[in-house]
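S.K.: For the record, the sequence lines run as chains V and D. Quick note on numbering that gives the first Met the number 0: the first sequence kicks off at 0 and runs consecutively. Quick note on numbering that gives the first Met the number 0: the second sequence kicks off at 0 and runs consecutively.
There are 2 protein chains.
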Amino acid sequence: MGRPRAFDEDEVVRAAVTLFGGRAYDGVSVDDLVSHLGVHRNSLYKAFGSKRGLYLIALRRHLAEDVRPLLDSLADASDAATALRLVTSADLDLLLLAAIERAPVDEEVAAEVTAALAAIDRVIADALGVPSDLAAALTATALGILLRGNPDNIATALAQYLSTLT
Amino acid sequence: MGRPRAFDEDEVVRAAVTLFGGRAYDGVSVDDLVSHLGVHRNSLYKAFGSKRGLYLIALRRHLAEDVRPLLDSLADASDAATALRLVTSADLDLLLLAAIERAPVDEEVAAEVTAALAAIDRVIADALGVPSDLAAALTATALGILLRGNPDNIATALAQYLSTLT
DNA sequence: CGGTTTTAGGAACGATCGTTCTTGACTGAT
DNA sequence: ATCAGTCAAGAACGATCGTTCCTAAAACCG
Chain V
0 MGRPRAFDED EVVRAAVTLF GGRAYDGVSV DDLVSHLGVH RNSLYKAFGS
50 KRGLYLIALR RHLAEDVRPL LDSLADASDA ATALRLVTSA DLDLLLLAAI
100 ERAPVDEEVA AEVTAALAAI DRVIADALGV PSDLAAALTA TALGILLRGN
150 PDNIATALAQ YLSTLT
Chain D
0 MGRPRAFDED EVVRAAVTLF GGRAYDGVSV DDLVSHLGVH RNSLYKAFGS
50 KRGLYLIALR RHLAEDVRPL LDSLADASDA ATALRLVTSA DLDLLLLAAI
100 ERAPVDEEVA AEVTAALAAI DRVIADALGV PSDLAAALTA TALGILLRGN
150 PDNIATALAQ YLSTLT
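#1: Could you tell me the alpha carbon to alpha carbon distance between S34(V) and H35(D), rounded to whole angstroms?
#2: Beta carbon of L83(V), beta carbon of S72(V): below 8 Å?
#3: Applying a beta-carbon distance threshold of less than 9 Å, which residues of chain V neighbour V66(D)?
#4: So what does DSSP say about G143(D), is it helix, strand or coil?
#5: Let me know the secondary structure DSSP gives F6(V) once reduced to three states.
#6: Between the region 138-156 of chain D and the region 134-148 of chain V, can you find at least three pairs of beta-carbon atoms closer than 8 Å?
#7: Can you check whether the CB of D92(V) is closer than 8 Å to the CB of G21(V)?
#8: For the alpha helix (DSSP H) that N152(D) lies in, which residues bound it at each end?
#9: What did DSSP end up calling D92(D) once you bin it into helix, strand or coil?
#10: Taking the alpha carbon of V122(V) as the reference point, which residue from A110(V), E111(V), V66(V), A98(V) has its own alpha carbon closest?
#11: If you compare alpha carbons, which of L62(V), V27(V), G128(V), A5(V) is closest to S42(V)?
#12: Counting only Cβ pairs nearer than 7 Å, list the residues of chain V close to D132(D).
#13: Using DSSP with H/G/I as helix, E/B as strand and the rest coil, what is R84(V)?
#14: Below 8 Å, how does it come out for the region 144-159 of chain D and the region 147-161 of chain V: are there three or more Cβ pairs, yes or no?
#15: If the cut-off is 8 Å on Cβ atoms, which residues from the region 133-144 of chain D count as contacting chain V, listed in chain order?
#16: Strictly under 8 Å for the Cβ-Cβ distance: is D90(D) near chain V by that measure?
#17: Can you list, in chain order, the residues of its chain with a C-beta nearer than 7 Å to that of E111(D)? Leave out the 5 residues immediately preceding and following it.
#18: Going along the region 22-43 of chain V in order, which residues come within less than 8 Å of chain D, judged by CB to CB distance?
#19: Quick one: is E100(D) near chain V, going by C-beta distance under 8 Å?
#20: If contact means a Cβ-Cβ distance below 9 Å, which residues of the region 92-123 of chain D contact chain V?
#21: For A154(V) and T17(D), what's the separation of their Cα atoms in angstroms?
#22: Among Y24(D), L133(D), E10(D), V104(D), whose alpha-carbon lies nearest the alpha-carbon of K172(D)?
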């Protein structure tokens, strides 16, 4: 069956998640992918079809390996403060970037992103017993804190405030 | 002094704000700028130096004409709900996109963005009499709602909830 | 072994990128 | 009326983009 692959496809996809989560889609060139992922051009196109194909695979991997565990842990959250801490301490760089810069121009990305955000909303609504719009507001808050870059200060301040309410 | 300009520089910059606020920096080509802005290539480079130069000017115009009025109106906000409504109903597309996709790779953009966000935080903290970290959390919430795309539903739900607290 | 498949390495493709240059028409000031 | 400076229109630059092709070495199968 021919020579075996010299690269671990899982590792490559995971490295792509990191790379695409770090800068904009158009800011990551195929040369960047080739040099940082340890895969040759040829193998990359053979395995993933195209740059966009790899991006979509990386996005889905990100959702499966980073967002789904978050959903599981959120299901056990009993109050808004812990739910907020869970989301803001998660690694959601790629989801955030995809939501703001790829979703508007790639409907397949948009579908994945909106589904993922809706799933987070739903789990929070179920776990906390709040209306879905309010859960969506909490998700939005967490995303906003993440995009500001310094999650710890703001997240702790808000978590403390939320704790004093209940 | 030669032939006068056939384009209104203010209009061009404002159109650039819209264009750069709509998609990622690398997704807006100079051809796009030339065709949508009504300025010839030559005039664009003569007037703004480079694509990045026009971007920075557009960003600063956005801060001066869209963010500064928001600061003024926020100064009169008496509660968190109205502050939230003010921010989420503002047009902050370019600021949002700049924060998440340009600031990480352009320190001059990063400086403008962090200064603008800090200014919003400060005004909110002063107007509501809350700690700056909590004001930053409210700013983050508004930004998160904006990036989710459907601000009305979520913003009203959260505003109603915030109203019941006081 | 021989055959086949897939790899690695890298050159090369056309397209598009941001930027500059060329040409000539136009207009305001001298 | 002349001149200087800016304009519009578009060709053209080198660089880089995503993608494909070519060649040869490597490793599995029979």
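Yeah, the Cβ is synthetic: ideal placement off N, Cα and C, and Gly gets one too.
M.R.: Reading it off the structure:
#1: 36 Å
#2: no
#3: Ordered by position in chain V, no residue passes the 9 Å Cβ test against V66(D), which lies about 15 Å from the chain.
#4: helix
#5: coil
#6: yes
#7: yes
#8: 150-164
#9: helix
#10: V66(V)
#11: A5(V)
#12: N152, I153, A156
#13: helix
#14: no
#15: L133, A135, A136, T138, A139, T140, A141, L142, G143, I144
#16: no
#17: L58, R59, L62
#18: R22, A23, Y24, D25, G26
#19: yes
#20: L95, L96, A98, I99, E100, R101, A102, P103, V104, T113, L116
#21: 32 Å
#22: With chain D running from 0 to 165 in the structure shown, residue 172(D) is simply not present.
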